[in-house]
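Below is one structure, written out as structure tokens, with a few remarks after it.
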Amino acid sequence: MVNHRQITKAIIPAAGLGSRFLPVTKAVPKEMLPILDKPMLQFVIEEVIEAGIEEIILVVSPGKESISSYFRDNTELEKHLSSTDGHKLIELVKNIPTGDQVSYVVQEEPLGLGHAVLTAHAAIGDNPFAIVLPDDIITNTPGALRQMIDIYNAYGSGVIAVEAVPWESVDKYGVISGNRISDNLHQIESLVEKPAMDQAPSNLCIVGRYILPHTIFNDLRNTKTGAKNEIQLTDALSLALNTERILAYEFEGVRYDGGTPFGLLRASLEFGLARNDMKQDIIQLLGSLLSASSNSAT
Ligand code: G1P
């Protein structure tokens, strides 16, 4: 194991407009939409804390104030729960990190993921750091970020999570090409953001987990507007390849796409099936929906 600077800070970009979830995102930030009873954001916060991160920097846009209220102590609620039957419920609200662990920077204009990350430069300083995108929900123990920090500790290079996706979906992602260096690890040769299927160098797509050196901020400053007319993190990573080795890691775990209503529905059903208090009801519901749809097909 090489001795590298520890990864103690993580940026969680939460400044997107959430246009795939309109109209609800007119009033509710996408990151606060629930899988059953827990906001998407809480799932990634738990992954980040399990990975040993001590400081979380949330990049928010103007108007997303309800995100910060989630991390504020709510003594009234706790008082109410302790005077009723809510002792177990108190534990749920106490699992949310507060104050000194979470800070905010505001991205004033929606200029893209790369720009959102650059906005957090002052909070990161010259430390290596993690980026975690809250609409990629990954279940596994250990979590995907923990796995990636172990790789970073072993190799001392940047690490990006990737997953093989069906070819017809590659245009929704950043795509890498690389040389395989072990079963689930590749040294990245090139990256391209949202390529057309026939232009993609592979079907290994970037999933929203990154561990990067602070030099990426310089690359971001030199990155021109790219796909969707935005400053793309993927384009800055292409620049970084001139001076840095970056690894692509095929993580262990199941990824749910919290960026679309269908992805959230799938996660809600699967997470509900794993819960004793809901499993039977969901099985029954699915069974009756299935027989209703096969009856209507005949
Ligand atoms: C972003 C990144 C893309 C990555 C994706 C993973 O895209 O730009 O490279 O593959 O997250 O979820 P977005 O989904 O914000 O369009």
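All you need for the numbering used here is the position in the sequence shown, starting with 1, plus 334. Glycine included, every Cβ here is placed at the ideal spot set by N, Cα and C.
A direct Cα-to-Cα measurement between Glu388 and Gln521 gives close to 28 Å.
Linking Pro535 to Ile465 through their CA atoms gives a straight-line distance of about 24 Å.
When DSSP states are grouped into helix, strand and coil, Asn513 belongs to the strand group. In this structure, the beta-carbon distance from Leu581 to Leu519 falls below 8 Å. Distances from the CA of Ile345 to each of Ser524, Ile510, Ala450 were compared; the closest alpha carbon is that of Ala450.
Taken through DSSP and simplified to helix, strand or coil, Tyr583 comes out as strand. Within its own chain, no residue has a Cβ closer than 6 Å to the Cβ of Asp532 once the five positions on either side in sequence are excluded. Within the DSSP secondary-structure output, Ser625 pairs in no beta bridge. Within 10 angstroms of the beta-carbon of Glu586 lie fewer than 16 other beta-carbons, which makes it exposed. Taken through DSSP and simplified to helix, strand or coil, Arg543 comes out as strand. Here DSSP, grouped into helix, strand and coil, assigns Thr359 to helix. With at least 16 other beta carbons inside 10 angstroms of its own, Phe605 counts as buried. Shown here for Leu573: same chain residues with a beta carbon closer than 7 Å to its own, the five before and five after excluded, namely Asp553, Asn556, Thr557 in chain order. In its chain, beyond the 5 residues on either side, Glu381, Glu384, Ala385 have a beta carbon closer than 7 Å to the beta carbon of Gly477.
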